[in-house]
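Novice:
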Amino acid sequence: MTPDVRYAHLIPMVQAVLVTLDQGITEEEACAAKLAGLAHTMADNQSLTASSLLRASRQLTVKVLEMRGKRAALLAQYGLEQR
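Residue numbers for the sequence shown follow this note's numbering, beginning at 2 and rising by one.
1) Specify the secondary structure class of Ala74 as computed by DSSP and reduced to three states.
2) For the alpha helix (DSSP H) that contains Ala34, what are its first and last residues?
3) Considering Cα atoms alone, identify which of Ala77, Ala40, Arg69 and Leu81 is closest to Asp23.
4) What residues in its chain sit with their C-beta under 6 Å from that of Thr62, if we drop five residues either side in the sequence?
5) Looking at Leu75: is its Cβ nearer than 8 Å to the Cβ of Val18?
Right, here's the structure in full:
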């Protein structure tokens with residue numbers, strides 16, 4: 002079920018926030034995974050660059066956790082289940 006269908010009974014602003022959070026979580030997770038993979042690939046040749054990429058990946062992961070927390074709080078506020 003798409004988020005738009007699951008959130009159909011909510012007011013449009015809440016619906017838009019939840020959809021935006023879902024999209025942001027997906028995008029940030031993908032970026033963090035790509036950066037971690039790139040850091041792993043570069044680890045032997047350019048350790049300083051790899052370290053920077055890994056740090057950025059971790060920061061994105063923390064951002065994803067924060068977004069998931071906001072999403073969970075909003076779902077709980079409206080009595081909805083998390084997927």
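Glycine included, C-beta positions come from ideal geometry on N, C-alpha and C.
Specialist: Quick answer:
1) helix
2) Pro13 to Met43
3) Arg69
4) Ala33
5) yes
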